[in-house]
Each structure stands twice: as structure tokens, then as C-alpha cells.
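Undergrad:
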Amino acid sequence: MASHLLDIEHLSTYFYTEEGTVKAVDDVSLQVRKGETVCIVGESGCGKSITAMSVMGLIQGPSGKVVSGKIDLEGTDLLKLNRNERRVIRGKEIGMIFQEPMSSLNPVLTIGQQIMEPLIEHLRMSKKEARKRAIELIEQVGISRAEQIANSYPHELSGGMLQRIMIAIAISCEPKLLIADEPTTALDVTIQAQILDILRNFREETGMSILLITHDLGVVAEMADYVIVMYSGKVVEEGEVTELFANPRHPYTQGLLKAKPILNQRQDELYSIPGQVPNPLDLTESCYFHDRCEHCLEICKVQAPELQELGTEQKVACWLYEKEATARV
Amino acid sequence: MSAVSGNLASGGAKTPVKAPVAKSSLWRQSIRRLMRNKLAVSGFVTVVFMILLCFIGPLFSPYSGNHNNLAMMNKPPSAQHWLGTDKLGRDILTRVMLAGRISLTVGFASMVLSVFIGSLLGAIAGYYRGVVDQIIMRIADLLLTIPSLPLLFIAGAMLSAWKVPTDYRMYIVMLMLSVVGWPGLARLVRGEMLSLREREYMQATIVLGLRDRRKLFHHLLPNITPLLIVIATLNIGGSILMESVLSFFGLGVIQPTPTWGNMIDAANNLIDFQERPWLWVPPGLCIFITVIAINIFGDGLRDVLDPKHKR
Amino acid sequence: MSEPLLEVNHLKKYFPIKAGLLNRTVGHVRAVDDISIAIQPGETFGLVGESGSGKSTVGKSIVRLTEKTAGDIIFKGQDLYTLSPQEMRKIRPQLQLIFQDPYGSLNPRVRVGDAIGEALIDHGLVPAGEVRERVEEVLASCGLSSYHIDRFPHEFSGGQRQRIGIARALVLNPDLIIADEPVSALDVSIQAQIINLFRHLQETRGLTYLFISHDLSVVEHLCTRIGVMYLGTMMETAPRDELFKNPLHPYTKALLSAVPIPIPKLKRDRIVLKGDIPSPANPPSGCKFHTRCPFAVERCKSEVPEFRHMGSEHYVACHLV
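Chains as they are written, first to last, in the UniProt record's numbering: chain A, 1 to 329; chain B, 1 to 311; chain C, 1 to 321.
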């Protein structure tokens, strides 16, 4: 087994609301190997973003809390660090890109200043060095006129441009892990293609790992080495990308793949998963997908299935594969 | 949090759910949330208590507010007079309660008046825009540029100069307070109207070809009401304070009609201030408690009703 | 060919840019710049484009949510912009718009039943006693239950709200439905439900759609004819199969090749466009696409390409074809 860069074990993050407790992330384990791109895919409310935010230590305040688990980055448990140590890791070892580049940049600072900040803070560069490096970074993310862009303010740039700047900031300290939370969802397809290209190139050049969070299976197919499918706060299936797309096991993964219209493969009627995602407040002990599932068994309604290994590179949490999995053991 | 805003009603196209979940309007939800805010509820209870005290209390008092008793001048609190008597031998407790009637009435009435004027003009300006908007808002701007306290002082002094009978002064003070109160309100309501106009559901009413009356009364008004309730509540406290300030300086409602403001006037006299705190502490406390209670309640209301201030 | 249901002729919509103390107009955002579309009864016309292409403004100008700058909109032989406000209000039930945002397009303080039924009452389309019945009918055909009628919008999920939005338009028995990105705010599994609903309603009710979307794979599934917009200008229109098999405009080709396909390790010829979409306030001269076009020649910078018929209903605006 190749060495793990990031090893999340039994992570649970809960939110306490007026109506009750929401188990946004419920006992999630996942690994990211060095140089690998792992995609977490799922629909809104499945807990994919909260997982990423838990890793970054961005779950704060009275309403949300990481209640249990271990987030291990090269031997350091991130959850045991104090705020300051966490902050250092955040800029230096892990970079992050968000969905809305506009709201993650400070409107009163120039682009250049914002790229320089982590360089001065974490790499202890002088202002002059940082400035030079910032210009290089802007060029690296495919923006010409780097000098001019460095002196402009966020509102003067388009969404695609800002997302590139966000990437420049995230990779400025050459992090080992880049977490990208829906980095292209707010962008047009032609711009999305550019951004994905940049991310791919960077991974090849620097050998960093990427944890990519997305709802778009097309993006997953283009980027991922390994895929994790989440539903209602739990991992329902994971596996190597070609295997998972060619041979999805969990009925939810199957449905998701069939429901997405694919270019040049027109069908008259799209497959659709009936019903909708259950209310996170009234989840009972069961497979959370059971009321939308075509193959629902009696046991699905009363007991949650465990994630079990099926092939060498595939795991699924579904009662349908219980026999197959136990036979292997 | 997107994870939290899940659907209460599960069940989509092909899977109808057995029993409908309890239906709830936004109003009922708001009230439930408000009841959970202990501070706001205590504010509300205090206000209700003050109202009951002032309007029902005097009926149980053996004294009348204006009955002079020269034998009992400036007596400290005792078994007969729980809060003592003033320089004319009148019972302070009774007078505080009667004063509360005036102060609360003035505060409430001027609020109603200024909310009425303000929201009407603000809504007209925001809905029709154009010239009407320009005229209304420039008048409002003009009133907002004149400092209200000096304006009220001058008006109060004029009332005194013209020797307006005390009974009428109360109504004139109400009017004065609403005149300075409406422009700020009109601005808020106009802003809200302008932002509501741009909402997609208001655009939908155009596409559906709904009548103007329905757009106004079924779509705009219900969405503005929560804001109105919040500003109206907070406005009462402000009006009570304003009235007290005016009356304290003898420019609002004047003696012998008692108000909390003109009762504190006793503190102007050095001997009364130092030796007879029972003359001015009770009305002062009443103003303090009432205004704080109203503001706490208003803040609680704002938290549940006004989405822009939600945390 | 029969008389088109809707004709958009040389539609232009310029938004003024105001600046300075005197609020003078210093320029125009050319959101829609000379667009013509004809939609036949029963067809689904897909309008595709990226942000800033003006596709939504076309939809809004048709229903007069925003007033056009020039051109005309002929609906069932009537020029909509010559109608008085009263006449326009009367004709509105026949042409409905479905909004993108299932959260913003429903008034949070109006019950679902009222939201759907109120237009019926205002237009006097059915006697008051039958309104509820009609609302229940339309709810059922949109996959909702009759007990939903007394609920408030916040009790529904995004997909259900979009169904309510569709029901609200449908109850008026419109001839034309303009759907402005109706599925882009929804999750994949819900998106498929709504796309199927659109298709099903068309089959049962003979509806005509103008379907506005940025998602080519959704448009391919639903539309019979497609127009591709870029910076307020139509680049290419063609029947569906023709457009997807034989795209002529470089922009259409780039757009098609940029759509991620959920098949891992798929080898595709990619045209990755350089740079950003220019601002519609200051569009490039000549062919508006020349700044990003990998095949641009000198002529593209100066000369506006004509919108030419290439046979089999395929029109394209490019010098190089």
C-alpha cells in the first residue's frame, strides 16, 4: 500500500440547530495518497463540503462541531493541534479553493498583496521576493499581463480570473494537499475546462495531492484517480475511477450515473431516482437511501449497512452485496 | 447551512407520503421562535405589566391624582403612601400610575401615527417611484436634516406662549412626535419596497398578469409587515423618551396633568433632589424599565422577523 | 411550414451605463444585439450560451419583464410591444415564464394553492368554485399531491418548488413556456425528474418551449432546435442532430468539447479556449468571438460575419465556414 498523505478516520461533524442535531458528516473514513486526486461526489447536503471544512478546521462556533474522529496529515492529527499550529498547517501544508472566488478574496487589497501574504507569513520571504514570486505564480496559472493583474483589485476581474488567482494563492506555499471545494461550479464550461487543465498540470508538475469536492460526475471522470460517493453524511461507495464508473455497485451511484444526461448519448426518457434526499433531522437507523431504492430489502429499513470491501479497489455500503463481501472474507 | 434546510415534506412524484406533516405559516414559526427567546419574552411581560399597572392600578388607589392634601406635604414613603407624597400632598404612587397612562398613550399613539404616515408615504414612493418618489423623499430628507430636539423645543415653547390648554397639549405633543418620526420610517419602508420589487416572485406576479391590487395586498404587504412590526415596537420606546424629555423641560405635557417626564422635573430643585428622592426616582425608574423592556422585546422581534438581521 | 407561434425579429436590448454626478449615460451594455428566432408550435427551441451571452435577457424581453431597445416580438401574429398594459395583461396567461431559482421565485408568505390559483382568479379563467379543483389537477400532473395545497413554500425542497413553479405556469394553459435555466439550481437526480416532467407535459399538452440553458447535455435531451449565443449575438442555429453531429461554428465546437463527459480516461479532441469572455459593455469589433477563436484571421477582426444558411436549416455566423 502506498503511503497515505491524508488519513481521515471515523470523522463525525454535527450541527446543533433549533430543530435538532444534524449529522452532517457521520463516521466518514477516507484516504488520500501522495500525488493522487480523490474526488468526493454527492448532491447538496450530503456532507461533502463539511468534510473538507472539517479537515481545514473551518468548523467553528457553537452550532457546528467535529465530535469525533481523527484527521491525520503525515502523522500529525490535525484535530489535536491548537489554533496557531492549525493556522500554520492551513496555509503551508494544505491549500484550499472555494466555490465563490469573489467572496474569498478581500475587496480592499490588491491581488498581488493577497498572493504575497501567505508567502511572507509562512515562507518568511521579504516583500521584494514575495512580490517576484507572486508575479511568477500569476503567470503559472495562465494569466498574461501578470504585473498589471497584481496591481488590480478583485472587483476588476472576472470569475474565471479570480478562481485562477485563488489557485495561485492556494499553491503559493507548495502545499502537499490541495482541497478544492466545487472550484468550477460557478464558472462557465469553457472557463471550467481551463481551470481543470491548470489543476491537472500542477498536480503533474509538483506531485501534490488533490481532494476535489464536486457534484458533477463529468468533472469527476476527468480529474479523479479515486472516487468517494457520499449520501446523507455517509460514504456509500468508493473505488478506483474507471472501475467505479464502469461497474457502479450501490444503487445510488448507479442512479446518479444513469440520471445524468450525457452529450451525444441521447435517451428519450432520462432515468431518475424517485423521491428526494431525506431530511437530515429525522434519520433513523436504516440505510438512508432505502425509500428511494429499487432494490430495497427488509433489512435496509432497520439497519445501516457497513462499508465493505468488494474488489481490490472498491468498497460499498449496501446490503445487496452482503453475501458477496462475506464470501471474500 | 444547506444541510439544515432540508425538506419537511418528503415524498416526491411517485411516493406520496401517508400523513401531511403539521403545516405552519411563517408567522407561527416566528412566534414559536420568539417564545424561545427568554429575554424577549421577559421584555414583553414587563411591558404588559407596566400597562396593566398604569391603566388598572389607579382604580384600586384610595387617592386621586390631583387631590391636594396640605397636611401631608412632602412625606416620605409610609404605610398610607407607599411612595410618599409631593409638595401638594398628592400620592406619588397614584400619580406615577396616572402619568404612565399619559406617557404610554402618547408613546403608542405617536408611534401609530408616524408608522401610518411613514409606511404609507414610503410604500407609495417605493411602489410608484418617479416624481412622486422624488417629492416624498425630498420632504423626508428635509425633515431629517433639521435636528429634531431643537425643533420640538421651539414648538413646545410656542405652545406655552400661546397658552394652549393642558388637555390639548397631550394631543399636540403626539402630533409633533409623529412629524419628526415618519421620515426615517418612510425611508426604511421605501427601501424595502424597492428591494421587494426586484425579487423573482414579484417578477412572477407580472408574468402571471396579476392585478395591481393583488400584487400590493397579497404579495408586497405581507412581506413588509414584519419589518413594520419591528420598527413600530422600537419606535414606541423612542417616543416615550422624547415625550419625557419634552415634559421634563416643561415643553411637553405640563402640570397638573402628570407624565413621567414632568414628574422628574422635581429633580430640578436642589432640596428635592437631595432630600426627597421619592419624588423623582419612581417616575425615572418607570421610564427606564419601560423603554428597556420595549427595546429588548423589539430586538427579539427583529431577530425572528427581519431576515436581514438574522444571525 | 406553418405560421410560427413566436417570432423574435432583430431584438436588441441595451442597458445604459450611468456614471458621474449628473448620471449621464456613458455607454451601453449590449446584452442582446440583434437576435432573431422563430419558434414553431410544438417545438422546443434551446437557447444556449455562457454567462453574459444575453440568453436570459432574450427570455425576459419576450415577456416584457424588461423593455426591448429595438426589434419586435410577434406572438400569435400580434406584436406584443404595441399592446396596451391592459391588453398585455390579458395575453399573459398564454405565454408563461419559469424561473431559474426555485427559492426566490415563490413568495414565502403565500400558500402553494394560492400561488397557483390566484392568476386563475385574476384572469377569471374559471369560476371561483372550481379553482381549487383545477389547482389540484395541475399539482397532480406536476407530480405533487393535493395535500400540498395549503403548505407554504419553505416546507418544500428545491425540486418540489420547481414543480410548483411549473404548475403555476401550467394552470393557465399557456401556448408557450419560456423556461429560464429551470434545472440548473437542482441536483442531478432531481434534475432528471424535472427534465422528464418537461418532456412528459409537452407530450400530453402539446406545449411549445423556449428552453434557456447553459448546459448543452440537458439541451440535447430536450430540444428539437438549438441556437448558440455569444455576447448577445446568435452564432449558430440548427436542428438538434445536425448541431451535435456537425457543429460549424468554432465557438459551438469549443463549447461542445468543454462539456465534461462522465466517462473516465476518454480520449477527446479538445478545443480549450484562451482567455475570458469579453465584457458586453465593450464587445470586440467584427466577429465578437475573434478574441478567443483559435482559427481567427484578419478579416474576423473588422468584418461582422453574416448569418448564413448552410442547408438543412443550419445557420451560422462565421467567415470561415
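Glycine residues also receive a C-beta, built at the ideal position from the N, C-alpha and C atoms.
Tell me, which residues are paired with proline 239 of chain C by DSSP?
TA: Beta-bridge pairing links proline 239 of chain C to C:Arg225.
Undergrad: Can serine 148 of chain B and threonine 259 of chain B be called in contact, C-beta distance under 8 Å?
TA: No, the Cβ-Cβ distance between serine 148 of chain B and threonine 259 of chain B is not below 8 Å.
Undergrad: If we count the other Cβ atoms within 10 Å of its Cβ and call it buried at 16 or more, is leucine 6 of chain C buried or exposed?
TA: So leucine 6 of chain C ends up on the buried side.
Undergrad: On the criterion of 16 or more Cβ atoms from any shown chain inside 10 Å, does glutamine 267 of chain A qualify as buried, or is it exposed?
TA: Glutamine 267 of chain A is exposed by the Cβ-count criterion.
Undergrad: Below 7 Å between beta carbons is the criterion; list the residues of the segment 195–228 of chain B that meet it against any residue of chain C, in chain order.
TA: If the cut-off is 7 Å between Cβ atoms, the segment 195–228 of chain B has Arg199, Glu200, Tyr201, Gln203, Ala204, Ile206, Val207, Leu208, Gly209, Leu210, Arg211, Arg214, His218, His219, Pro222 and Asn223 near chain C.
Undergrad: My guess is that methionine 235 of chain C and alanine 317 of chain C are in contact by the Cβ rule of under 8 Å, so how many angstroms apart are they, rounded?
TA: Contact flag correct, Cβ pair sits at about 6 Å.
Undergrad: Do you know offhand how far asparagine 201 of chain A's Cα is from aspartate 276 of chain C's?
TA: Computed Cα separation, rounded: 20 Å.
Undergrad: Histidine 67 of chain B and lysine 75 of chain B - do their beta-carbons sit closer together than 8 Å?
TA: Against a cut-off of 8 Å, the Cβ pair of histidine 67 of chain B and lysine 75 of chain B comes out as no contact.
Undergrad: In the DSSP assignment, find the beta strand (DSSP E) that holds leucine 30 of chain A and state where it starts and stops.
TA: Counting along the chain, the beta strand (DSSP E) containing leucine 30 of chain A begins and ends at 20–33.
Undergrad: Which residues in chain A have a C-beta closer than 7 Å to the C-beta of leucine 273 of chain C? List them in chain order.
TA: Under the 7 Å cutoff, chain A gives Thr190.
Undergrad: Isoleucine 304 of chain B by DSSP, collapsed to three states: which one?
TA: The sequence as given places valine at residue 304 of chain B; isoleucine does not occur at that position. Helix at valine 304 of chain B.
Undergrad: In this structure, how does DSSP classify asparagine 269 of chain B when only helix, strand and coil are distinguished?
TA: In the structure shown, asparagine 269 of chain B sits in coil (DSSP, three-state: anything other than H, G, I, E or B).
Undergrad: Per DSSP, serine 68 of chain A is paired with what?
TA: Bridge partners of serine 68 of chain A: A:Ser12.
Undergrad: I need the DSSP call for histidine 309 of chain B, collapsed to helix, strand or coil.
TA: Residue confidence is low: histidine 309 of chain B scores 47 on pLDDT, short of 50, so the model does not pin down where it sits. Its coordinate-derived value is still stated next. Correct three-state label for histidine 309 of chain B: helix.
Undergrad: Nearest by alpha-carbon distance to leucine 58 of chain A: which of A:Met96, A:Ser29, A:Gly35 and A:Cys287 is it?
TA: Measuring from the Cα of leucine 58 of chain A, the nearest candidate turns out to be A:Met96.
Undergrad: Need the endpoints of the alpha helix (DSSP H) that serine 178 of chain B sits in, please.
TA: Start and end: 166–197.
Undergrad: At 4 residues or longer, and completely inside the segment 93–167 of chain A: list those alpha helix (DSSP H) runs for me, N to C.
TA: Complete alpha helix (DSSP H) runs here, min 4: 101–104, 111–123, 127–140 and 146–150.
Undergrad: So which of B:Gly238, B:Val132, B:Gln255 and B:Ala157 has the shortest CA-CA distance to alanine 166 of chain B?
TA: The sequence shown places threonine at residue 166 of chain B, rather than the alanine named in the question. The shortest C-alpha separation from threonine 166 of chain B is found at B:Gln255.
Undergrad: What's the C-alpha gap between proline 282 of chain B and tyrosine 63 of chain B?
TA: Distance between the alpha carbons of proline 282 of chain B and tyrosine 63 of chain B is about 17 Å.
Undergrad: Report buried or exposed for tyrosine 14 of chain A, applying the criterion of at least 16 other Cβ atoms within 10 angstroms of its Cβ.
TA: Classification for tyrosine 14 of chain A: buried.
Undergrad: If you measure from the beta carbon of glycine 227 of chain C to each beta carbon in chain A, is any gap under 8 Å?
TA: Closer than 8 Å: no.
Undergrad: Examine chain B for any beta-carbon lying closer than 8 Å to the beta-carbon of residue 360 of chain C, and answer yes or no.
TA: An answer regarding residue 360 of chain C cannot be provided, because it is not within the stretch 1 to 321 covered by chain C.
Undergrad: Three Cβ pairs or more, each shorter than 8 Å: is that satisfied between the segment 89–106 of chain B and the segment 279–297 of chain B?
TA: Flag = yes, the segment 89–106 of chain B and the segment 279–297 of chain B touch.
Undergrad: Check whether the Cβ of glutamate 222 of chain A lies closer than 8 Å to any Cβ atom in chain C.
TA: Interface residue, yes.
Undergrad: Check the Cβ-Cβ distances between leucine 26 of chain B and every residue of chain C, and say whether any is below 8 Å.
TA: Answer yes: the Cβ-Cβ gap between leucine 26 of chain B and chain C drops below 8 Å somewhere.
Undergrad: Which of the residues in the segment 30–60 of chain C, read from start to end, lie with their CB under 8 Å from any CB of chain A?
TA: The residues in question are Glu50 and Ser51.
Undergrad: Considering only the beta carbon of each residue, do glutamate 324 of chain A and leucine 307 of chain A sit closer than 8 Å?
TA: No; because the gap between Cβ atoms is not below 8 Å, this pair is not in contact.
Undergrad: Which of the three DSSP states, helix, strand or coil, is assigned to phenylalanine 288 of chain B?
TA: Reduced to three states, the DSSP call for phenylalanine 288 of chain B is helix.
Undergrad: Whose Cβ in chain A lies nearer than 7 Å to the Cβ of lysine 265 of chain C?
TA: Near lysine 265 of chain C (Cβ distances below 7 Å), the residues of chain A are Thr242.
Undergrad: At the level of alpha carbons, what is the spacing between isoleucine 263 of chain C and glycine 45 of chain A?
TA: Roughly 25 Å separates the two Cα atoms.
Undergrad: Between the segment 213–225 of chain B and the segment 264–275 of chain B, are three or more C-beta pairs nearer than 8 Å?
TA: The segment 213–225 of chain B is not in contact with the segment 264–275 of chain B.
Undergrad: Are the CB atoms of arginine 199 of chain C and phenylalanine 152 of chain C nearer to each other than 8 Å?
TA: No.
Undergrad: Could you check where the beta strand (DSSP E) with lysine 12 of chain C kicks off and where it finishes?
TA: 6–19 is the span of the beta strand (DSSP E), which, as asked, contains lysine 12 of chain C.
Undergrad: Please work out which residues of its chain come closer than 6 Å, Cβ to Cβ, to threonine 233 of chain C, disregarding the five sequence neighbours upstream and downstream, and give them in chain order.
TA: Closer than 6 Å at the Cβ level, and outside the excluded window around threonine 233 of chain C, lie Asp33 and Lys288.
Undergrad: Is phenylalanine 289 of chain A closer than 8 Å to tyrosine 321 of chain A when the C-beta atoms are compared?
TA: Against a cut-off of 8 Å, the Cβ pair of phenylalanine 289 of chain A and tyrosine 321 of chain A comes out as no contact.
Undergrad: In or out: histidine 10 of chain A buried (at least 16 other Cβ within 10 Å) or exposed?
TA: Exposed.
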